[in-house]
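Undergrad: Quick note on numbering: the sequence shown equals residues 1409 to 1870 in our numbering.
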Amino acid sequence: MLLSRAVPPFVAAGLAAAVLTAPMPAAATTGEHCARQDRVRVPGAAVQRDACLPDLTTAGLAGTPYTDPADQAGLTASATRTPAGVPGIQIDGYFPDSSHFNTTHGWRHDAQFVIRLPDRWNGGLVVTGAPGTRKQYATDKAISDQVLAQGYAYAATDKGNSGADFYRDGARPGDAVAEWNTRTTQLTRAAERVLAQRYGHAPRRTYITGISNGGYLTRWQLENHPELYDGGVDWEGALWTADGPNLLTSLPAAVARTLGTARDENLYAVGFAHGSEFLWPHHEKVYWGLTQKVYRAEFDPAYDAECPGASAGTSLEEILAPCPSDAAYDYASRPVAVHRAVARVSLTGRIGRPLITLHGDLDALLPKAADSDVYARMVDAKGRGGLHRYYSIEGGTHADGLYDTYPQRLRPILPCYRSAFDTLTAWVERHIAPPADRVIGRPANGDVVDSCPLTGTATARP
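#1: Check whether the Cβ atoms of residue 1552 and residue 1560 lie closer than 7 Å to each other.
#2: Can you list, in chain order, the residues of its chain whose CB lies under 6 Å from that of residue 1422, leaving out five sequence neighbours each side?
#3: With respect to the alpha helix (DSSP H) encompassing residue 1660, which residues constitute its N-terminal and C-terminal limits?
#4: Please classify residue 1757 as buried or exposed, where buried requires at least 16 neighbouring CB atoms within 10 angstroms.
#5: Could you tell me which of 1864, 1836 and 1528 sits nearest to residue 1845, measuring between CA atoms?
#6: Buried or exposed: residue 1837, going by 16 or more other Cβ atoms within 10 Å of its Cβ?
#7: In this structure, does DSSP put residue 1678 in helix, strand or coil?
#8: Do you know how far the Cα of residue 1595 is from the Cα of residue 1569?
#9: Would you mind sorting residue 1567 into buried or exposed? The rule is 16 or more other CB atoms within 10 Å of its CB.
#10: Rank 1527, 1501 and 1524 by C-alpha distance to the C-alpha of residue 1515 and give the top, closest one.
#11: Is the beta carbon of residue 1764 closer than 7 Å to that of residue 1801?
#12: Using CA atoms only, rank isn't needed, just tell me which of 1856, 1577, 1519 and 1499 is closest to residue 1505.
#13: Less than 7 Å between C-beta atoms, sequence neighbours within five positions excluded: which residues of the same chain meet that for residue 1703?
#14: In this structure, how does DSSP classify residue 1583 when only helix, strand and coil are distinguished?
#15: Nearest CA to the CA of residue 1651: which residue from 1740, 1667 and 1481?
#16: Got a sec, what are the start and stop residues for the alpha helix (DSSP H) residue 1780 sits in?
#17: Taking the C-alpha atoms as reference points, what is the distance between residue 1457 and residue 1602?
#18: Between which residues of its own chain and residue 1747 is the CB-CB distance below 7 Å, once the five residues before and five after are set aside?
#19: Where does residue 1723 sit, in a helix, a strand or coil, going by DSSP?
#20: Would a C-beta distance cut-off of 7 Å place residue 1532 and residue 1611 closer than the cut-off?
#21: So what does DSSP say about residue 1737, is it helix, strand or coil?
#22: Between the Cα of residue 1732 and those of 1712, 1632 and 1637, spot the shortest distance and give me the residue it belongs to.
#23: Taking the beta strand (DSSP E) that residue 1800 falls in, what are its first and last residues?
#24: In angstroms with no decimal places, state the Cα-to-Cα distance between residue 1546 and residue 1578.
#25: State the Cα-Cα distance for the pair residue 1548 and residue 1698, rounded to the nearest angstrom.
#26: DSSP on residue 1643, reduced to helix/strand/coil?
#27: I need the boundaries of the beta strand (DSSP E) containing residue 1516, first residue and last residue.
#28: Quick one: Cα of residue 1476 to Cα of residue 1558, how far?
#29: Going by DSSP in three states, residue 1626 sits in which element: helix, strand or coil?
#30: Counting beta carbon pairs with one atom in the stretch 1665-1681 and one in the stretch 1720-1737, are three or more of them shorter than 8 Å?
#31: Mind checking whether residue 1521 and residue 1565 have CB atoms under 7 Å apart?
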């Protein structure tokens, strides 16, 4: 889930739905390298601001309004090397929406997006949605930098709502998460038309990818809109199924342990890995209580209307605190209406395009035994195993930033993701079959920060 850095709830404010095309303030440059900038319009956008920039990567955007390092915190190891020097056009804006959690650019408006158009285009497009409850710049370092350097255009959405109070969006339980899928589809279609305006033709290849909730979006899009994509890479995507497993079947045990009413054995029973115990104190403080209460409020608001209530909290301590009632939460026994709310956003495994899944074996937020192991079986059960590869990353956990704290015990997943993306494009474009499902061990050269060949011990799917 990778919930964003916790912040007080955002103050709602309205904005006029007029299309703006004036460049954003900052060091924008003009020149031939941004030819056709004046022709670019994002279909359906209420607000659009475009800029011609000398470098679209995080190295070039540092200190400008065109990225947000704070929203990327914890997603990558500090020593990660990233490319730089990709000139082109950046488009920021938002689609019409009724919610106002995202305060980026002072807009106080959701359904924000960013589209980046490199001067040297390889004919492809990469689309993603923000992990957790972060916003549209969250994966700039983890995904955007690398694919831009390879020549791809890049588009990312805030999913239509963000922040710890996202569950307040929508009229019915499940509406906020359902919007994530709608906004991703909307941005993909709009971005493809933008590319045709900028380069003279639509993308020849479109890939969907993402981390955590972004991985969930990848799975859902390839199941429900395979016509829009050529393939995807799912980095520890969240699993939603109407009857479980899902995070509401695993996190209550973690909350109960936090509050002293459960033992380690209860966590193992719902999928937490032996060997991940050293990560549990951090997750107790940062992830478990917050994640359980806000997603339970999204799908099952009647369970405890007072906690979290109208807001997850107004201070960091309140936002991160668990709801005591969640220690006894039993998803299986909840009313049919709750399961129907989850069913609206559930996955089936019926993917229609090639998909590569990565999951760390020490994930202490979305344990792989209750997530990607299950999803791989779902794909097989739908007869789509030939379109899927599943790589378990030995020593990987949900947030790569934790490698900086435990360099002897963890490894970042990002270099494996980069290898997986290249493997996917070779699979789709050159028909080079990827390695069989396997456990990916540490690279022989010892460089876990920037190296991860997809070789290792081949294993049958669990």
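Ideal Cβ placement from N, Cα and C applies to all residues, glycine included.
TA: In brief:
#1: Your numbering for residue 1552 matches position 144 in the sequence shown. Your numbering for residue 1560 matches position 152 in the sequence shown. In this structure, residue 1560 does not lie closer than 7 Å to residue 1552 by Cβ.
#2: Numbered from its first residue, the sequence shown carries residue 1422 at position 14. Note that residue 1422 has pLDDT 28, beneath the 50 cutoff, so the model's placement of it is unreliable and no number is given.
#3: As a position in the sequence shown, residue 1660 is number 252, starting the count at 1. Taken as a continuous stretch (DSSP letters only), the alpha helix (DSSP H) holding residue 1660 covers 1655-1666.
#4: Residue numbering aside, residue 1757 sits at position 349 when the sequence shown is read from its first letter. Around the beta carbon of residue 1757, 16 or more other beta carbons lie within 10 angstroms, which makes this residue buried.
#5: The sequence position of residue 1845 within the sequence shown is 437, counting from 1. Proximity to residue 1845 across 1864, 1836 and 1528 peaks at 1864, based on C-alpha coordinates.
#6: Here residue 1837 corresponds to residue number 429 of the sequence shown, with the count starting at 1. Looking at its Cβ environment, which holds fewer than 16 other Cβ atoms inside 10 Å, residue 1837 is exposed.
#7: As a first step, residue 1678 is located in the sequence shown; it is residue number 270 there, counting from the start. Correct three-state label for residue 1678: coil.
#8: Position 161 of the sequence shown, counted from the start, is the residue given in the question as residue 1569. Position 187 of the sequence shown, counted from the start, is the residue given in the question as residue 1595. Near 14 Å, if we compare the C-alpha coordinates of residue 1595 and residue 1569.
#9: Residue numbering aside, residue 1567 sits at position 159 when the sequence shown is read from its first letter. Burial is judged here by how many other beta carbons sit within 10 angstroms of a residue's own beta carbon; residue 1567 has at least 16 and is buried.
#10: Here the question's residue 1515 lines up with position 107 in the sequence shown. Out of 1527, 1501 and 1524, 1501 has the C-alpha closest to the C-alpha of residue 1515.
#11: Numbered from its first residue, the sequence shown carries residue 1801 at position 393. Numbered from its first residue, the sequence shown carries residue 1764 at position 356. In this structure, residue 1764 does not lie closer than 7 Å to residue 1801 by Cβ.
#12: Against the sequence shown, residue 1505 aligns to sequence position 97. The shortest C-alpha separation from residue 1505 is found at 1519.
#13: Mapped onto the sequence shown, residue 1703 falls at position 295. Only residues of its own chain outside the window of five on either side were considered, and among them 1655 and 1656 have a CB closer than 7 Å to the CB of residue 1703, listed in chain order.
#14: Taking the first residue of the sequence shown as 1, we reach residue 1583 at position 175. Correct three-state label for residue 1583: helix.
#15: Residue mapping note: residue 1651 aligns to position 243 of the sequence shown, counting from 1. For residue 1651, the nearest C-alpha among the options comes from 1740.
#16: In the sequence shown, residue 1780 corresponds to position 372, counting from 1. For residue 1780, the uninterrupted alpha helix (DSSP H) segment begins and ends at 1780-1789.
#17: Translated into positions along the sequence shown, residue 1457 becomes position 49. Translated into positions along the sequence shown, residue 1602 becomes position 194. The straight-line gap from Cα to Cα measures roughly 13 Å.
#18: Here residue 1747 corresponds to residue number 339 of the sequence shown, with the count starting at 1. In the same chain as residue 1747, and ignoring 5 residues on each side of it, the C-beta atoms closer than 7 Å to its own belong to 1650 and 1651, in chain order.
#19: If you number the sequence shown from 1, residue 1723 lands on position 315. Here residue 1723 sits in coil by DSSP.
#20: Here residue 1532 refers to the residue found at position 124 when the sequence shown is read from its first residue. Here residue 1611 refers to the residue found at position 203 when the sequence shown is read from its first residue. It is a contact, given that the beta carbons lie within the stated cut-off.
#21: As a first step, residue 1737 is located in the sequence shown; it is residue number 329 there, counting from the start. DSSP places residue 1737 in coil when its eight states are reduced to three.
#22: Taking the first residue of the sequence shown as 1, we reach residue 1732 at position 324. Scanning 1712, 1632 and 1637 for the CA closest to the CA of residue 1732 turns up 1712.
#23: As a position in the sequence shown, residue 1800 is number 392, starting the count at 1. From DSSP, the beta strand (DSSP E) with residue 1800 extends over 1796-1801.
#24: Position 138 of the sequence shown, counted from the first residue, corresponds to residue 1546. Position 170 of the sequence shown, counted from the first residue, corresponds to residue 1578. Their Cα atoms are separated by approximately 23 Å.
#25: In the sequence shown, counting from the first residue as 1, residue 1548 sits at position 140. In the sequence shown, counting from the first residue as 1, residue 1698 sits at position 290. Cα to Cα, the separation comes out at about 25 Å.
#26: Residue numbering aside, residue 1643 sits at position 235 when the sequence shown is read from its first letter. It is a strand residue.
#27: Sequence index remark: in the sequence shown, residue 1516 carries index 108 (1-based). Careful: residue 1516 lies outside any beta strand (DSSP E) and carries neither H nor E.
#28: The sequence position of residue 1476 within the sequence shown is 68, counting from 1. The sequence position of residue 1558 within the sequence shown is 150, counting from 1. Approximately 22 Å between the Cα atoms of the pair.
#29: Locating residue 1626 in the sequence shown gives position 218, where the first residue counts as 1. In the displayed model, residue 1626 falls within a helix according to three-state DSSP.
#30: With the cut-off at 8 Å, the stretch 1720-1737 and the stretch 1665-1681 touch.
#31: As a working mapping, residue 1521 is identified with position 113 in the sequence shown. As a working mapping, residue 1565 is identified with position 157 in the sequence shown. Taking C-beta atoms as the reference points, residue 1521 and residue 1565 count as a pair closer than 7 Å.
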